[in-house]
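Structure record follows, encoded as structure tokens.
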Amino acid sequence: MQKTLIFLLLMLTLIPVEAQNISSGLYFAAHTSIKEERTSLILSPEFDASKGLTLDFDIKFRPEEHNYGYVFRIIIDDEKSFDLIANITPEKRALNLIEGNNVYLAFDEELLNQYSWNKWAHIRCSIYPDSLRLIFDNQTLQSQYKFINIKNVKFYFGYSDHEKFHSSDVPPMSIRNIKITDNKNKTIAYWPLKEHLSHSCLDSLHQIPATVTNPTWEINKHTKWVKEKTLALPIYTQICHAPSKGNIYFANSSFVLVYSTIDNTLDTIYPAHGAPYTEINNQLIYQPYYDELWSYDFDPLKQMSIFNFKDNTWTNNDREIKNPEYSQHNTFISPNDSCLYIFGGYGNYQYKNLILKKGRTQDDWIPVSYNEEIPPRYLSGSDYKNRDTILVFGGCGNPQGKQELGIINYYDLYAIDINTFKTKKLWTIPNDTKNFVVGNHIVTDETNNKLYALCFPNDCSNSYILLKSFDLTDGNNCTNYADTIPFSFNDVNSFCTLYYDSLQSKLYAVTNYNYNNKSNINIYSLAYPPLKIEDTLQTVAGHKALVTKTGFFIGIGICIIAGMGCMYLCYRKKKRRRRKESHIPHNPPVVTNTDRSSKTTTQDENYKPQPDIHKKSSILFLDGFQVWDKNGADITKSFTPILKQLLILIILYSVNNKKGISNVTLRELLWFDKTDESAQNNRRVNIRKLKLLLEKLDGVELVKESTYWALKFTHAYCDYIDVCNWIDKVKNKEPITAENINDLPLNLLSGQLLPYVQTDWLDSFKSDYTNSVLDMAINLSKQEYIKGNNELLIQIANSMFAHDKTDEYALILKCHTLYKQGRTSLAKTTFDTFCNEYKAMLNTNYTKTFNEVINCQL
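Counting the sequence shown from 1 gives a position; the numbering used here is that position plus 339.
Printed below as a string of structure tokens:
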């Protein structure tokens, strides 16, 4: 009984049961970054500070080679600066509040030695007209100060570009929960530094912005995988996780490599004797009760090879490479008998659905009978739901278990009671829109009703991994998280798994690809719980609570505005009809600023943006990949990742070199890891599949001329080709006139080329397309027909900003045009937005003034 309780305490660290602890704070890039890339946070709240102020925040220091820098600078009336300077090193620790050349408050080094790295501590700094007070981690210092008048106050954290108090020394730190109060302890502003905008963060009380340069938001660690380690180890290295120790183990016949999730370090253990089994499949597991590594084989009369950490020995020394009998199976250790159990797998041209059991010292595997058999499969994921239940999710196989009968992907969830071995199918999700299998281990969060799995397409070699979640109870609410992880999938030679580490509150994804006589291993981490990007963003309009509380009134407002909009459209339509009948040119109504009168050209009426009518026989690349068949049905999901890349490559090369793409180039880009014969077979199969899909469209044909594959369009439509054709026309100085203005696809120019397709070979195409669109926009703005058309000029400028937010020509064009229309306030807003983006991206101020911009000659 005691063994079982100890075992359960260790094993339950697998299950994320703690509250949703979402990270907050701003991580400051310090001396490891060049000065231009260090982090700055600036606060400029307006309040009466004449009788004093208090600054509160949490801080966390991390160790780096250089640790000196300004935590903050409180600048009074642009003339005086109170600076908190930290120098926290292993040898010496100092934290001083200074003003000018005088140190007013300095913490004792003995006190600072009690501080632990990477631990949040609280700082409070109070500045009164005649005194100073500083608190660090509940220790207080205070001092008298000569009387000062306090009017305007600015707060700089980290890097400071203030003209009188410039500083580039930034300590390696993170900051959160910044609060400013007045002398009566009234809160002026509060920045949790959690949800944020791209380069600013609004306080939760009055929406006061905190301006940030070079930000790294702690909450974003929940949205993006971080590659922690890349390892090239001896081939067929085995992998397992010890959650209670915060270790991931990599074992082979030469050594045991220990990766610590606690401090992100590697340690090597060289066994005094023996080795794990050399298995093509991953067959290693950590036994928490015995604190051992178990390497197992499926040959008869073979005991486990057990690694003992006390004497660093394996109990076996069989180094023969084994062919996998149960590839990509699932494993668990039962708390009832401490035995190892496996389910499923693939071997000898068969998919398996047996449950096998093996004890610590047993020779043979014992089959375990269970009711309601799970269809044979491999590439499924498993995890404990609770003490008594193991879950098995997804995979691929077929009901008969015979490879020659084909393969189907499963999207179901089974529960296995480890006491009675009764099984129950909990749910399945429709497989018509899905195409994935699952990493070896899943993570279940029963408290929050979530199941997390690494999912990847199994119909291509250059695959990718995507973290998905499903409702644990019914499989609904499928949600994608984080960015994708590149994954080379070659069946039994590839392996990926998902671990939850409770010590760090992180998910770890580990991938392995046995290739070129190496185990090519990558370790990725993601803060738990995972979040979508939109979960990390603030709403500019107001605080979430305010939005929720006033939702009813907003709804009424929307209805009123919509009604007024309909009335306005009807009014405009009648007014235009009267103009057309009387042939008297009039300007369309424009909301203008009253500080200047203006007139707009009658050509504003002539351009009508193209409606979105391409919903039949069309291939769309701009702002996302989409394919519509001849009946107007969206068949995008019919394109597997490899078919999508194949279609994209053929169109891009057909447009750019007017010939198409050769077999050699296709091999280099899509099947570089295949033999000549295998690459040729893959190409033939996928070309045939692509032709069948394109037959669903009218007016497009996949042809081969000489050694080049190309697409010939007759009636079908492609937005990328449409824009490229106009790029060529404008480059060749074809004039824009009243006759062809409505054919100009201005509404497409702001579209990004395939923004959600991420692959190295596509980057140069994206860059060239962006440059071509910007050049075309500049040339268009100079055409006689367009030069006098203010609305077209603004649309052209907006399309340029969509590709480059710091394009100076677009700024001048838009501000100049708005100002000419009398819309001065809009022009100034455009200028201010541009200056903020320019500073955030280039870390330098834009040199021209607003007056210089509106008076620039294009």
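For each residue, glycine too, the CB sits at the ideal point set by N, CA and C.
Where do the ends of the beta strand (DSSP E) carrying residue i lie?
i: V565; result: V565 to P573
i: E534; result: Per DSSP, E534 belongs to no beta strand (DSSP E) and is neither H nor E.
i: L1198; result: Since the displayed the chain opens at 340 and closes at 1197, residue 1198 lies outside it and no answer follows.
i: H461; result: A460 to Y467
i: Y443; result: N441 to A445
i: D422; result: K419 to I427
i: F1170; result: Taken as a continuous stretch (DSSP letters only), F1170 belongs to no beta strand (DSSP E), being part of the alpha helix (DSSP H) at T1163 to L1181.
i: E430; result: E430 -> no beta strand (DSSP E), and no H or E assigned at all.
i: V831; result: Premise fails: V831 is in no beta strand (DSSP E) and is neither H nor E.
i: I862; result: K857 to A866
i: E557; result: Run containing E557: none; DSSP gives neither H nor E here.
i: Y625; result: L623 to Q626
i: V1042; result: V1039 to E1044
i: K1126; result: Premise fails: K1126 lies in the alpha helix (DSSP H), E1123 to K1126, not in any beta strand (DSSP E).
i: L380; result: S379 to L382
Taking 7 Å as the cut-off, is the C-beta of residue i nearer than that to any heavy atom in the ligand HEM?
i: R726; result: What this structure holds is no ligand at all, so the ligand HEM is not there to describe.
Identify the continuous alpha helix (DSSP H) that holds residue i and give its terminal residues.
i: E1007; result: N1002 to L1009
i: N1129; result: N1129 to H1142
i: L793; result: That residue, L793, is in no alpha helix (DSSP H); its beta strand (DSSP E) goes K789 to F795.
i: Y1158; result: E1147 to K1159
i: N1069; result: Sequence inspection shows Val at residue 1069; the Asn mentioned does not correspond to that position. It spans D1058 to K1070 - the alpha helix (DSSP H) in which V1069 sits, taken as one unbroken run.
i: N1021; result: D1015 to L1033
i: V1112; result: D1102 to S1120
i: Q965; result: From DSSP, Q965 is part of no alpha helix (DSSP H) but of the beta strand (DSSP E) over Q965 to W967.
i: Y992; result: P980 to N996
i: V1192; result: F1189 to I1193
Could you compute how far the alpha carbon of residue i sits from the alpha carbon of residue j?
i: D727; j: I601; result: 29 Å
i: E664; j: S844; result: 35 Å
i: A388; j: T783; result: 51 Å
i: R1027; j: N737; result: 25 Å
i: N788; j: E743; result: 38 Å
i: Y750; j: N1175; result: 47 Å
i: G585; j: D397; result: 27 Å
i: C579; j: N669; result: 12 Å
i: T941; j: L1132; result: Because T941 sits at a pLDDT of 35, beneath the cut-off of 50, its placement in the model cannot be relied upon, and the point is left open.
i: E430; j: L451; result: 12 Å
i: N1118; j: E1073; result: 11 Å
i: E631; j: N647; result: 5 Å
i: N1182; j: N553; result: 8 Å
i: D416; j: K490; result: 6 Å
i: K1187; j: L1150; result: 11 Å
i: W633; j: Q667; result: 17 Å
i: V1069; j: E375; result: 39 Å
i: I987; j: E385; result: 53 Å
i: C464; j: D650; result: 54 Å
i: S383; j: I527; result: 11 Å
i: I306; j: N853; result: Lying before the first or after the last residue shown, residue 306 is absent from the chain, which here runs from 340 to 1197.
i: L908; j: F504; result: Only weak support exists for where L908 lies, its pLDDT of 47 falling under 50; the coordinates are left without a value.
i: L473; j: S372; result: 29 Å
i: N819; j: S808; result: 7 Å
i: N516; j: G391; result: 20 Å
i: Q701; j: W1048; result: 59 Å
i: D1061; j: E712; result: 55 Å
On the DSSP bridge assignment, give the partners of residue i in chain order.
i: E1078; result: Answer is none; E1078 lacks a bridge partner.
i: F809; result: L790
i: F637; result: In the DSSP output, where bridge partners are listed per residue, F637 has none listed.
i: R472; result: S465 and Q481
i: H505; result: D500
i: E618; result: K661
i: E631; result: Q626 and N647
i: W653; result: F646
Should the segment 552-569 be regarded as contacting the segment 1186-1193, the criterion being three or more beta carbon pairs within less than 8 Å?
Taking 8 Å as the limit for Cβ pairs, the verdict is that the segment 1186-1193 does not touch the segment 552-569.
Enumerated in chain order, which unbroken segments of the beta strand (DSSP E) with a length of 3 residues or greater are wholly contained in the segment 388-417?
Whole beta strand (DSSP E) segments, 3+ residues: 392-400 and 407-415.
Taking only runs of the alpha helix (DSSP H) that begin and end inside the segment 667-755, which ones reach a length of at least 4 residues, in chain order?
Taking only runs of at least 4 residues, no alpha helix (DSSP H) segment lies wholly in the segment 667-755.
Three or more C-beta pairs below 8 Å linking the segment 966-984 and the segment 996-1006:
Under the 8 Å Cβ criterion, the segment 966-984 does not count as touching the segment 996-1006, having fewer than three qualifying pairs.
Does the segment 1037-1048 come into contact with the segment 1075-1092, if we say contact requires no fewer than three beta-carbon pairs (one atom in each stretch) closer than 8 Å?
Verdict: no, contact absent.
Is the segment 437-453 touching the segment 366-384, taking contact as three or more C-beta pairs under 8 Å?
Verdict: no, contact absent.
Count Cβ pairs between the segment 587-597 and the segment 607-627 that sit closer than 8 Å; are there 3 or more?
These segments touch.
At a cut of 8 Å, does the segment 832-841 reach the segment 528-538 through at least three beta carbon pairs?
No, they do not touch.
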